[in-house]
């Protein structure tokens, strides 16, 4: 995988993360609604870490690409 591929993945991930809602609909109530909100909160924490991981992967792939070009 090249740095270019990872750059595309990072852009796709950013778009996907922005599409995940942060709040459940206001009309939802009860235990299932609370559980769904907790899951959304957890998903946002996990998805928030993707950028750092993809940046690290991009940097590593770019270093390999640069070394291969030498």
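Residue numbers (our numbering): 137 to 206. C-beta atoms are modelled at their ideal positions from N, C-alpha and C, and glycine is treated no differently.
Residue 182 is not a Cβ neighbour of residue 146, given a cutoff of 8 Å. For residue 178, the secondary structure class from DSSP, reduced to helix, strand or coil, is helix. By the C-beta criterion, the segment 140-158 is judged to be in contact with the segment 194-201, since at least 3 inter-stretch pairs fall below 8 Å. A distance below 7 Å between beta-carbons, with the five flanking residues on each side excluded, links residue 157 to the following residues of its chain, in chain order: 176. Judged by DSSP secondary structure, residue 142 falls within the alpha helix (DSSP H) whose first and last residues are 139-155.
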